[in-house]
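Structure first, then comments.
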Amino acid sequence: VKEKGKAHFQFYRSDMNSIINNVVELETYLRKAIERNELTLYYQPQVDLLTMKIKSYEALLRWKNQELGHISPADFIPLAEDTGLIIPIGNWVIETACKQIKEWATKGKTDFKIAINISPKQFQQHRLLLIIRTAIEKYRIDPKLLEIEITEGAMQDTKDTAPILSGLKELGVSISVDDFGTGYSSLNYLKQFPIDVLKIDKSFVKDVHSNEKDAAITTTIIHLGRSLGMEVIAEGVENAEQEKFLLNANCQKAQGFLYSKPLPAEEIEKKFMK
Ligand code: C2E
Ligand code: CA
Ligand code: CA
Ligand code: CA
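Structure representation (structure tokens):
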């Protein structure tokens, strides 16, 4: 579609891929996604490798549009970041996750955290701390039940990020570094920022049991995190070989299809909260 150029552009409702590939068109749909109730959060368990108990759930966005069907966050999050839509969408995620924590707390389920993804762009709004604090207060939830997952990109801009992270830390919210080792890493930020958790990216975990370099990188991240008093979690765990490696390497937590794919809240309740 792209090669044809704008003048010859024509959409067919059946050709959904071309819509998804056309950012302008997709943006129009995404702009309306919140008000049309098209967004949901799915939850994926994060398990303690020693006890096999679920310690937390990561909230992951899902978007289903009537015409387009399901659109992957890998496709629409970058677009949302480029267009600024990540701000209202990110706020919706914060609000919805806090509401869910409240709902589960009302049912007596408070022995796990909910981790939400915060894009680097969201740190550029100075109100981020206020928005998170307001949602915590509105639903009267324990801030200790909330964790935020940030990427290395967020920590490049120290000026914006540092006060927000220390404010969150003061509240009792925990902070996890997502996709650790894949961004513009500077070990310096592990010193500067109040980080609680390191998340080993799934690209390192994929062949950890068979590839020497992945094994070395993973082991090193686990040592680094543990020596700094941080918790370490591996993502993308799909099989028992990976799990065994991680357990032997002293990794505390794991997340991946081996345990569960991300599921809607009602299914999480049915499956894991009986
Ligand atoms: P991420 O934060 O690194 O999330 C992990 C991704 O790995 C999720 O993809 C998850 O479904 C997937 N995954 C989980 N277990 C496995 C496994 O065992 N094997 C493999 N191959 N994959 C696994 P998903 O849900 O498609 O999300 C993709 C990315 O979109 C996320 O990567 C995150 O960067 C972004 N994203 C999702 N939800 C949000 C959100 O609410 N806010 C922001 N800012 N970004 C989000
Ligand atoms: Ca994440
Ligand atoms: Ca990740
Ligand atoms: Ca990732």
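Take the sequence shown: its position 76, counting from 1, is numbered 502 in full-length UniProt numbering, and each next residue is one higher.
Don't be surprised by glycine CBs; every beta carbon is placed ideally from N, CA and C.
Note that the structure is a prediction, hence the values are computed from the model and not measured.
key: Between the CA atoms of residue 629 and residue 376 - distance to the nearest angstrom   = The question about residue 376 has no answer here: the residues shown for the chain are numbered 427 through 700.
key: Three-state secondary structure (DSSP) of residue 572   = strand
query = When you compare only the Cα positions, how much space is there between residue 429 and residue 453?
reply = In this prediction, residue 429 scores a pLDDT of 47, lower than 50, which makes its location untrustworthy; the coordinate-derived value is nonetheless stated afterwards. Their backbone Cα atoms lie some 20 Å apart in a straight line.
ask   = How should residue 599 be labelled, buried or exposed, when 16 other C-beta atoms within 10 angstroms of its C-beta is the threshold for buried?
value = buried
query = Got a sec, what are the start and stop residues for the beta strand (DSSP E) residue 485 sits in?
reply = 480-491
Where residue 604 falls, given that 16 or more other Cβ within 10 Å makes a residue buried = buried
inquiry  = Pull the bridge partners of residue 474 from the DSSP assignment, please.
reply    = 679
query = Just how far apart, CA to CA, sit residue 495 and residue 465?
reply = 12 Å
task = Can you say whether residue 656 is buried or exposed, counting buried as having 16 or more other CB atoms within 10 angstroms of its CB?
result = buried
inquiry  = Can you check which of these residues, 613, 606, 514 and 660, is closest to residue 547 by C-alpha distance?
reply    = 514
inquiry  = Do residue 567 and residue 595 count as a contact pair if the criterion is CB distance below 8 Å?
reply    = no
ask   = First and last residue of the beta strand (DSSP E) that includes residue 542?
value = 539-543
message = Can you tell me whether residue 688 is buried or exposed? The criterion is at least 16 other CB atoms within 10 Å of its CB, across all chains shown.
response = buried
query = Straight-line CA distance for residue 565 to residue 639?
reply = 45 Å
key: Per-residue burial, residue 373 [other beta carbons within 10 Å of its own, 16 or more giving buried]   = Not covered by the structure: residue 373. The range shown for the chain is 427 to 700.
ask   = Where does residue 694 land, buried or exposed, given buried means 16+ other C-beta within 10 angstroms?
value = buried
inquiry  = Assuming residue 592 and residue 620 are in contact, meaning their beta carbons sit under 8 Å apart, how far apart are those beta carbons, in whole angstroms?
reply    = 6 Å
task = Using only alpha-carbon positions, find the residue among 462, 480, 557 and 572 that is nearest to residue 685.
result = 480
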